[in-house]
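Per the working numbering, residue 17 is the first one in the sequence shown, and the count goes up by one each step.
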Amino acid sequence: MHRYPLVKMYSCNFSSGQRRKRSIAYSNLLWDNASTVTFSFMEDLPDELEYRVERVIRQWEPFVSLTFEQVEQGQIRIALNGRENYSAIGTEALEFDPAEPTLVIQTDPQDQLFEATLLHEFGHALGFHHAHLHPDANIPWDIEAVYRHFKEIQG
17 MHRYPLVKMY SCNFSSGQRR KRSIAYSNLL WDNASTVTFS FMEDLPDELE YRVERVIRQW
77 EPFVSLTFEQ VEQGQIRIAL NGRENYSAIG TEALEFDPAE PTLVIQTDPQ DQLFEATLLH
137 EFGHALGFHH AHLHPDANIP WDIEAVYRHF KEIQG
């Protein structure tokens, strides 16, 4: 089902809720332990927005053995003007053309979901995958409700 070896992880809470978080990651796409991962912005942003983005992504630092540094041309290149929300998975970002973004956010910074979306996509940039794929997730999906929801929001 997956094209990469997976590793299960458990962590404490992020600011997004009170439940215990579970993660699953591609072990061969994780950044080297104790390394510095650089990030940059693809477009000029107001200082306040750059600070806000950095504050959001730094929420990961207590849970990963990485540090993040903003540079002119980062390994993770963030674009906030996308047509969708997506990210390269972990070190796959190193395979992208340097002129291309590796993490793209469509959600408007004024939207209440902006920070949660950015936090989620940065998790992918670190090598994490969707938590529902965690072997211990045991999610009792209401398939009908899921289809209904996505039909309403996606058409």
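Here a beta-carbon is modelled for each residue, glycine too, at the ideal position from N, C-alpha and C.
Closest to Asn-44 by C-alpha separation, out of Leu-129, Arg-93, Pro-117 and Gly-143, would be which residue? Taking the sequence shown and counting its residues from 1, the one referred to as residue 44 is at position 28. It is Gly-143 whose Cα lies nearest to the Cα of Asn-44.
Would Glu-137 and Asn-101 be called neighbours here (beta carbons separated by less than 7 Å)? By one-based count along the sequence shown, residue 137 stands at place 121. By one-based count along the sequence shown, residue 101 stands at place 85. Cβ atoms of Glu-137 and Asn-101: closer than 7 Å.
Taking DSSP as the reference, what is the three-state secondary structure of Phe-57? Along the sequence shown, one-based indexing puts residue 57 at 41. The answer is strand: DSSP assigns Phe-57 an E or B state.
Provide the residue span of the beta strand (DSSP E) that contains Ile-94, from first to last. The residue given as residue 94 occupies position 78 in the sequence shown. Run containing Ile-94: 92-95, per the beta strand (DSSP E) assignment.
Roughly how far, in whole angstroms, is the beta-carbon of His-140 from the beta-carbon of Ile-105, given that I think they are within contact range, below 8 Å? For this step, residue 140 is matched to residue 124 along the sequence shown. For this step, residue 105 is matched to residue 89 along the sequence shown. Rounded, the Cβ-Cβ distance is 6 Å, consistent with contact.
Below 8 Å on the Cβ atoms is my contact criterion, and I expect Lys-91 with Ala-109 to pass it. Report the Cβ-Cβ distance as a whole number of Å. For the purposes of this step, residue 91 is taken as the residue at position 75 of the sequence shown. For the purposes of this step, residue 109 is taken as the residue at position 93 of the sequence shown. The displayed chain sequence assigns Gln, not Lys, to residue 91. Yes, they are in contact, since the Cβ atoms of Gln-91 and Ala-109 sit about 6 Å apart, within 8 Å.
Going by the beta-carbon positions, is the gap between Pro-125 and Leu-65 smaller than 7 Å? As a position in the sequence shown, residue 125 is number 109, starting the count at 1. As a position in the sequence shown, residue 65 is number 49, starting the count at 1. Yes, they are a contact pair.
Assign Ile-40 to one of three DSSP states: helix, strand, or coil. Position 24 of the sequence shown, counted from the first residue, corresponds to residue 40. Three-state DSSP puts Ile-40 in a strand.
Under the three-state reduction of DSSP, which class applies to Val-80: helix, strand or coil? Residue 80 sits at position 64 when you count from the first residue of the sequence shown. In the structure shown, Val-80 sits in coil (DSSP, three-state: anything other than H, G, I, E or B).
Closest to Val-80 by CA distance: which of Gly-171, His-165, Ser-51 and Gln-128 is it? Against the sequence shown, residue 80 aligns to sequence position 64. If we check each option's Cα against that of Val-80, Ser-51 comes out closest.
Rounded Cβ spacing between Ile-155 and Leu-134 (contact assumed at less than 8 Å): Here residue 155 refers to the residue found at position 139 when the sequence shown is read from its first residue. Here residue 134 refers to the residue found at position 118 when the sequence shown is read from its first residue. Between Leu-134 and Ile-155 the Cβ distance is about 24 Å, and since that is not below 8 Å, they are no contact.
Secondary structure of Gln-86, DSSP reduced to three states: Here residue 86 corresponds to residue number 70 of the sequence shown, with the count starting at 1. Of the three classes helix, strand and coil, the one that applies to Gln-86 here is strand, per DSSP.
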